[in-house]
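Since the structure comes first, as structure tokens, the remarks are kept for the end.
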């Protein structure tokens, strides 16, 4: 039975995206490859999220690895930009040399790229890791074998990573903090290891406020989890 391979990888390498996410700690980039290619360059659309839009855009424009930068839309905390850059500066370009196809936009945060890639067989995956190890710090996060007869358009949305990233941005900062602490302290375990009252004391918030933040966070994340389970 012929199978294709869906993998999720994390990569750290020399790239303006990586440098930006390291320099501006609260920033992230979602990259969507486009087909505006030149012999030695390629253009991407990036959704930039940062509390410091002016400085981040200036950083992108002045970086030696970018050749053309066009700002399509800019608002408080978010910008959509088209960036042309050398092909050899991107991990995804190197991965495509081994037959990889991106199934979701890339995500760059805290000094790493996270990508979902589809390969026609495991030999290509092994070859990529073997030959790119010297130039890229690549880590395999997950791997799934899919019979060819089961391939569908949904295959290109089955890693779930981008869905979770999108959902997490729906949460307010306080909702993320409360939900994260609740997970760390074992609130969702059976039996619970911590109560709402204990969480509220640790965070210095009213118990009713903590319970409300948890309820709102769960209501936003639950539909995403349901969608992902439906695809597997």
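Residue numbers (the numbering used here): 3 to 234.
Where is the CB? At the ideal position from N, CA and C, for every residue including glycine.
{"Query": "If residue 23 sits next to residue 110, beta carbons under 8 Å apart, how far is it from one beta carbon to the other, in whole angstroms?", "Result": "5 Å"}
{"Query": "Which ranges would you report for the beta strand (DSSP E) in the segment 49–136 if only whole runs of at least 3 residues count?", "Result": "70–77, 80–88, 108–111 and 114–121"}
{"Query": "Is the beta carbon of residue 48 sitting closer than 8 Å to the one on residue 68?", "Result": "no"}
{"Query": "Just tell me which of 142, 113, 115 and 138 has its CA closest to the CA of residue 127.", "Result": "142"}
{"Query": "I'd like to know whether the C-beta atoms of residue 13 and residue 103 end up nearer to each other than 8 Å.", "Result": "no"}
{"Query": "In the structure shown, what three-state DSSP assignment does residue 215 receive?", "Result": "helix"}
{"Query": "So which of 121, 198, 58 and 17 has the shortest CA-CA distance to residue 150?", "Result": "121"}
{"Query": "Can you round the beta-carbon distance between residue 58 and residue 71 to whole angstroms, since I take them to be within the 8 Å contact cut?", "Result": "So it is not a contact: roughly 11 Å between Cβ atoms."}
{"Query": "Could you check how far apart the C-beta atoms of residue 7 and residue 86 are, in whole angstroms? I think they sit under 8 Å.", "Result": "No, residue 7 and residue 86 are not in contact; Cβ-Cβ is about 31 Å, not under 8 Å."}
{"Query": "Would you tell me roughly how many angstroms separate the C-alpha atoms of residue 219 and residue 117, rounded to the nearest one?", "Result": "25 Å"}
{"Query": "If we count the other Cβ atoms within 10 Å of its Cβ and call it buried at 16 or more, is residue 232 buried or exposed?", "Result": "Caution is warranted here: a pLDDT of 47 is assigned to residue 232, below 50, making its placement in the model unreliable, and the coordinate value is therefore given only provisionally. Its Cβ having fewer than 16 others within 10 Å, residue 232 is exposed."}
{"Query": "Helix, strand or coil for residue 22 per DSSP?", "Result": "helix"}
{"Query": "Give the straight-line distance between the Cα atoms of residue 223 and residue 198, rounded to the nearest whole angstrom.", "Result": "19 Å"}
{"Query": "Output yes if chain C places a C-beta closer than 8 Å to the C-beta of residue 107; else output no.", "Result": "Here chain C cannot be found, since the structure has a single protein chain."}
{"Query": "Secondary structure at residue 31, three-state DSSP: helix, strand or coil?", "Result": "strand"}
{"Query": "I'd like the span of the beta strand (DSSP E) that includes residue 4, first residue to last.", "Result": "Element bounds for residue 4: n/a, residue is neither H nor E."}
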